[in-house]
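Engineer: For the record, in the sequence shown the residue sitting at position 80 is 62 according to this note's numbering, with numbers rising by one throughout. Just so you know, even glycine gets a beta-carbon here, dropped at the ideal spot from N, CA and C.
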Amino acid sequence: MHELSIIQGVLQDCCTRARQEGAAAITRIELVVGERSGVSVSSLEFAFEAARLGSLAQEASLVIEARPALARCLECQAPFAPQEGIFLECPQCGGPGELVAGRELLVSSMEIETNL
-17 MHELSIIQGV LQDCCTRARQ EGAAAITRIE LVVGERSGVS VSSLEFAFEA
33 ARLGSLAQEA SLVIEARPAL ARCLECQAPF APQEGIFLEC PQCGGPGELV
83 AGRELLVSSM EIETNL
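This is how it looks when you write it as structure tokens:
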């Protein structure tokens, strides 16, 4: 389950940034996970529950936006939603396509509490 190591890295980066900002706690972490990132959203959520314990994010919520895959035809430039499989074929002209979205895995935002 590589999602555990992924979420540990996310938490480490978020906690480092939160400390730099003088945070007492992280209250919310938002991720964007692409449909073709190779990451299971449910496994990320499960791993987060265990990995956050004892960290600044111990009480944080995790919000995940699943981003759909998007391809573009290399011949006619038409955007299209790719079908399952490794070959991307344009539904309009049959030309080859390239994936332009859907592989991302990133922290889109984080909310913190500061000591005031």
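(1) Rounded to the nearest angstrom, how far is the Cβ of S90 from that of E12, given a contact under 8 Å?
(2) Determine the burial state of A42: buried for a count of at least 16 other Cβ atoms within 10 Å of its Cβ, exposed for fewer.
(3) The beta strand (DSSP E) that contains R10, what's its start and end?
(4) Are F62 and C75 touching if we call contact CB-CB under 8 Å?
(5) Just how far apart, CA to CA, sit E57 and I94?
(6) Quick check on V82: buried or exposed, where buried means 16 or more other Cβ atoms within 10 Å of its Cβ?
(7) Check for me: the alpha helix (DSSP H) holding A83 runs from which residue to which?
Structural biologist: Well, looking at it:
(1) 5 Å
(2) buried
(3) A5 to G16
(4) no
(5) 46 Å
(6) exposed
(7) Segment G79 to A83 is the beta strand (DSSP E) holding A83; no alpha helix (DSSP H) there.
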